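In what follows, a single structure is set out as structure tokens and then discussed.
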Amino acid sequence: MAFVLCSPVLLEAKWHRKAPVCSAGKGFGKAPQCGCGLEKPYQECCGAIHERRRKAEFAKELMRARYSAYQKALVGFIMDTTTGVSESEDSEKWRAALSAYVQATKFKGLKVMKSEKGAPGDDEGYVTFSVKTNSGSYTERSRFVPDEEFGWKYVREPEDSTTQ
1 MAFVLCSPVL
11 LEAKWHRKAP
21 VCSAGKGFGK
31 APQCGCGLEK
41 PYQECCGAIH
51 ERRRKAEFAK
61 ELMRARYSAY
71 QKALVGFIMD
81 TTTGVSESED
91 SEKWRAALSA
101 YVQATKFKGL
111 KVMKSEKGAP
121 GDDEGYVTFS
131 VKTNSGSYTE
141 RSRFVPDEEF
151 GWKYVREPED
161 STTQ
């Protein structure tokens with residue numbers, strides 16, 4: 001009987017019970033799916049954008065990554081991928097408001113309804129989407145502009161609330 005060891009912890013465990021087999025050294029079971037709704041592992045989808053291993057090629061990719069960031073309470077990513085914030089705005093106050101919002105909200109689903117422009121070479125893009133949360137659902141049409149660091153950034157309009 002051959003054992004595939006993915007962790008030193010299994011060295012001892014293999015003598016007491018059958019060791020689970022892992023594939024290609026990637027651990028046990030399926031990789032967690034991304035919360036953005038695409039059927040991809042998180043690390044290959046929004047995780048790569050969150051960790052800055054790749055840029056969002058399309059505006060709707062950044063919108064999905066932002067939704068996933070709300071799910072995972074990645075407040076820094078949400079703030080970093082937002083433009084249109086006033087220089088006079090208190091960033092610590094905004095960070096606190098975002099933190100409170102993502103901690104109190106359970107994000108249950110995302111549906112992208114329409115994407116306008118927002119491709120490489122475009123000067124802006126719009127994404128219309130619907131989000132379900134524990135406090136209800138809403139539909140939004142968001143504007144995005146190209147960005148060197150992330151590929152795209154969400155444009156926060158003056159009338160937006162602090163949780164956007």
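In UniProt numbering, the protein residues as written are 1 to 164.
For every residue, glycine included, the Cβ atom is placed at its ideal position computed from N, Cα and C.
Because the structure is a prediction, the values reported are computed rather than measured.
Output needed for residue i: all residues of its chain with C-beta closer than 8 Å, excluding positions within five of it in sequence on either side, in chain order.
i: THR83; result: VAL145, ASP147, LYS153, TYR154, VAL155 and ARG156
i: LEU62; result: ILE49, ALA56, THR81, PHE144, PHE150, GLY151, TRP152, LYS153 and TYR154
i: GLY118; result: PHE58, ALA59, LYS60, GLU124, GLY125, TYR126, VAL127, PHE144 and TRP152
i: ALA73; result: SER99, VAL102 and GLN103
i: TYR138; result: SER130 and VAL131
Between which two residues does the alpha helix (DSSP H) holding residue i run?
i: PHE77; result: 75-80
i: SER91; result: 91-104
i: GLY47; result: 46-50
Tell me the rounded alpha-carbon separation between residue i and residue j.
i: GLY76; j: PRO120; result: 25 Å
i: TRP69; j: SER91; result: The residue you asked about is not Trp; residue 69 is Ala in the sequence shown. Cα to Cα, the separation comes out at about 18 Å.
i: LYS114; j: ALA96; result: 31 Å
i: ARG64; j: CYS36; result: 5 Å
i: PRO32; j: ARG52; result: 19 Å
i: ASP89; j: ARG66; result: The question names Asp, but residue 89 is Glu in the sequence shown. Answer to the nearest angstrom: the Cα atoms are 21 Å apart.
i: GLY136; j: GLN71; result: 15 Å
i: LYS30; j: ILE78; result: 27 Å
i: CYS34; j: ARG54; result: 16 Å
Using DSSP's beta-bridge definition, name the partner residues of residue i.
i: ASP147; result: GLY151
i: LEU62; result: According to DSSP, which records beta bridges pairwise, LEU62 is partnered with nothing at all.
i: SER137; result: LYS132
Tell me which residue opens and which closes the beta strand (DSSP E) that residue i is part of.
i: LEU110; result: 107-117
Sorted by chain position, which residues of the same chain lie with C-beta nearer than 7 Å to residue i's C-beta, five sequence neighbours on each side aside?
i: GLU39; result: GLN33
For this session: Answer yes if the region 93-111 comes into contact with the region 124-135, meaning at least three C-beta pairs across the two stretches below 8 Å, and no otherwise.
Result: yes
Exercise. Do the region 135-142 and the region 38-47 make contact, defined as three or more Cβ pairs closer than 8 Å?
Worked result: no
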